[in-house]
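A.B. asks: Okay, so the sequence shown: first residue is 1 according to full-length UniProt numbering, each after it adds one.
Here a beta-carbon is modelled for each residue, glycine too, at the ideal position from N, C-alpha and C.
For clarity, every value in this text was computed on a predicted model and none was experimentally measured.
Handing you a structure now.
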Amino acid sequence: MIVLGKAYETLKDETKRRDYDSIYPSIRQTQPGPQRAQTPPPPPASTSQPKRSNEEAQIATILKSKQDRRAQWWPKKNIFESLIFEMHREIRRLEQEIKTLVDMAATVKAEEAWDKSWRAWILSPIYKQAQLTDEDKARKERQNQERRIEIDMKERRLEVKKKELEKQERLLKNGQAEIDCADQNDDLRVRRLRDVIDARLAREREAREKARQEELARIWKKKQEEREKQEREAAEKRKQQFEKEMAEAQKRYEDQRAAAQKWREEQAKKAQQSSFDYDQPFPSAAGACLHDGWWPKVQGRTSCPKCHVIWTYLLQCPGCQMKACPKCQATIRPRRRNRQPPPRPERSGADYDYSDFYWE
Numbered sequence: 001m002i003v004l005g006k007a008y009e010t011l012k013d014e015t016k017r018r019d020y021d022s023i024y025p026s027i028r029q030t031q032p033g034p035q036r037a038q039t040p041p042p043p044p045a046s047t048s049q050p051k052r053s054n055e056e057a058q059i060a061t062i063l064k065s066k067q068d069r070r071a072q073w074w075p076k077k078n079i080f081e082s083l084i085f086e087m088h089r090e091i092r093r094l095e096q097e098i099k100t101l102v103d104m105a106a107t108v109k110a111e112e113a114w115d116k117s118w119r120a121w122i123l124s125p126i127y128k129q130a131q132l133t134d135e136d137k138a139r140k141e142r143q144n145q146e147r148r149i150e151i152d153m154k155e156r157r158l159e160v161k162k163k164e165l166e167k168q169e170r171l172l173k174n175g176q177a178e179i180d181c182a183d184q185n186d187d188l189r190v191r192r193l194r195d196v197i198d199a200r201l202a203r204e205r206e207a208r209e210k211a212r213q214e215e216l217a218r219i220w221k222k223k224q225e226e227r228e229k230q231e232r233e234a235a236e237k238r239k240q241q242f243e244k245e246m247a248e249a250q251k252r253y254e255d256q257r258a259a260a261q262k263w264r265e266e267q268a269k270k271a272q273q274s275s276f277d278y279d280q281p282f283p284s285a286a287g288a289c290l291h292d293g294w295w296p297k298v299q300g301r302t303s304c305p306k307c308h309v310i311w312t313y314l315l316q317c318p319g320c321q322m323k324a325c326p327k328c329q330a331t332i333r334p335r336r337r338n339r340q341p342p343p344r345p346e347r348s349g350a351d352y353d354y355s356d357f358y359w360e
């Protein structure tokens, strides 16, 4: 009760309460704590741990301040609640005492009223009540006066207690409101700081995602360039292989064409030699030609020298270089059986094909 009374006096006096608020943190800090064995200092934090941002440090400071404020408020709140509880109990006790005194005063007043009533006067011969002496009357009057004084004092004390209770309840309510308001402000600051942190983290995620997309695009571009390079190299190899094959085919074609030309020349020579067996004057080159062999095509729209019909191509004699259309060539060239065709050239990518010669 002595400690509770001192606490009540501290809360009641504004100056003492401010002094208590100013020295309470230092009291908490100067309280001797339990002796602990000396432990080595913790190892320094690993450099791999992420550094806390300024917002996170501010949030930690705000939460620490909020925790300290709550820790300072709880003892005061407990004192307020204890005082208010004691005041409620004291008020109930005073109210009960006042009620008891009022009931006693009412009972005495009712007895006095009964003694002075006509019913008591009529019934007095029957009951024969003892008459009060002056001393008894003075004693009763003194008791009634003391009772009234006690009731008045208790009512005044009750009024003071109620006012003090209202004051303490108001102080508790105001103190709690200040703590709640400070907590709300701290919570608002924490939410704003966390919004800043979330926004920064979102930007960092976007930057990482952008960097990842750029890296993927760079890798895809590099692979695409490698594929295009491989395709160009493969196309170049195919082109070189094709040109090589075309050159080989052209060479084979030229060789076969030379062989065919040589065969035609040999056939022409044989035909010329056979013409010397006839007893005729020496013919001209065109007249001596047997027009034998295979006549190649001569492309171009022109008229036949024999029938004067326009053709898109003519056939040329390999011996005398005579030109004629296919119809006239069929009548000019002698027909022989068991004729061996010249070596046929292979198909190649040159500008010549088998349709350059007229076959029958």
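On the three-pair Cβ rule with 8 Å, is the region 132-151 touching the region 51-61?
C.D. replies: no
A.B. asks: Rounded to a whole number of angstroms, what is the C-alpha to C-alpha distance between C181 and I91?
C.D. replies: 32 Å
A.B. asks: Starting from K297, follow its DSSP beta bridges and name the residues at the other end.
C.D. replies: L315
A.B. asks: Under 8 Å between the Cβ atoms of L290 and C304?
C.D. replies: no
A.B. asks: Could you tell me which of K327, T61 and E266 sits nearest to R189, measuring between CA atoms?
C.D. replies: T61
A.B. asks: Just verifying my parser: in three-state terms, what is the DSSP assignment at T302?
C.D. replies: strand
A.B. asks: Please confirm whether Q272 has its beta-carbon closer than 8 Å to some beta-carbon of chain C.
C.D. replies: Within the model displayed, chain C is absent; a lone protein chain is all it includes.
A.B. asks: K297 to E226, Cα distance in whole Å?
C.D. replies: 50 Å
A.B. asks: Across which residues does DSSP place A324 in a beta bridge pair?
C.D. replies: L315
A.B. asks: Below 8 Å, can you find three or more Cβ-Cβ pairs linking the region 93-112 to the region 151-167?
C.D. replies: yes
A.B. asks: In terms of DSSP beta bridges, what is I310 paired with?
C.D. replies: Looking at the DSSP assignment, I310 forms a beta bridge with S303.
A.B. asks: Looking only at its own chain, which residues have a Cβ that is under 6 Å from the Cβ of E243, when we skip the five neighbours before and after it?
C.D. replies: none
A.B. asks: If I measure Cβ to Cβ from I310 and keep anything under 6 Å in the same chain, skipping five residues before and after, which residues do I get?
C.D. replies: S303
A.B. asks: Between the Cα of R264 and those of R301, C320 and K306, spot the shortest distance and give me the residue it belongs to.
C.D. replies: C320
A.B. asks: Excluding five sequence neighbours on each side, which residues of the same chain lie with their C-beta closer than 7 Å to the C-beta of D183?
C.D. replies: K66
A.B. asks: Which same chain residues end up closer than 7 Å to E169 when comparing Cβ atoms and leaving out the 5 residues on each side of it in sequence?
C.D. replies: I84
A.B. asks: Taking the alpha carbon of Q58 as the reference point, which residue from G293, R333, I197 and A234 has its own alpha carbon closest?
C.D. replies: I197
A.B. asks: With DSSP run on the structure shown, which of helix, strand or coil describes R142?
C.D. replies: helix
A.B. asks: What three-state label does DSSP hand R156 in the structure shown?
C.D. replies: helix
A.B. asks: With L101 and R142 assumed to form a contact (beta carbons below 8 Å), what rounded beta-carbon distance in angstroms separates them?
C.D. replies: Rounded, the Cβ-Cβ distance is 15 Å, inconsistent with contact.
A.B. asks: What residues in its chain sit with their C-beta under 8 Å from that of Q299, if we drop five residues either side in the sequence?
C.D. replies: T312 and Y313
A.B. asks: Please work out which residues of its chain come closer than 7 Å, Cβ to Cβ, to L193, disregarding the five sequence neighbours upstream and downstream, and give them in chain order.
C.D. replies: E55, Q58 and I59
A.B. asks: Since I believe Q329 is in contact with W294 (beta carbons under 8 Å), could you give me their beta-carbon distance rounded to a whole number of angstroms?
C.D. replies: W294 to Q329, Cβ: 11 Å. No contact.
A.B. asks: For a quick check, are the C-beta atoms of A268 and P318 less than 8 Å apart?
C.D. replies: Yes, Cβ-Cβ distance for A268 and P318 is below 8 Å.
A.B. asks: Go ahead and label K239 buried or exposed: buried means 16 or more other beta carbons lie within 10 angstroms of its beta carbon, across all protein chains shown.
C.D. replies: exposed
A.B. asks: Just verifying my parser: in three-state terms, what is the DSSP assignment at P75?
C.D. replies: helix
A.B. asks: My understanding is that K77 touches L172, with C-beta atoms under 8 Å, so please give their C-beta distance in whole angstroms.
C.D. replies: 7 Å
A.B. asks: Taking buried to mean at least 16 other C-beta atoms within 10 Å of its own C-beta, is A234 buried or exposed?
C.D. replies: With fewer than 16 other Cβ atoms within 10 Å, it is exposed.
A.B. asks: Indicate whether A324 and D292 have their beta-carbon atoms separated by less than 8 Å.
C.D. replies: no
A.B. asks: Output yes or no for whether 8 Å exceeds the beta carbon distance between M87 and K161.
C.D. replies: In contact: M87 and K161 (Cβ atoms closer than 8 Å).
A.B. asks: Would G175 and W74 qualify as a contact pair, given that the criterion is a beta-carbon distance under 8 Å?
C.D. replies: no
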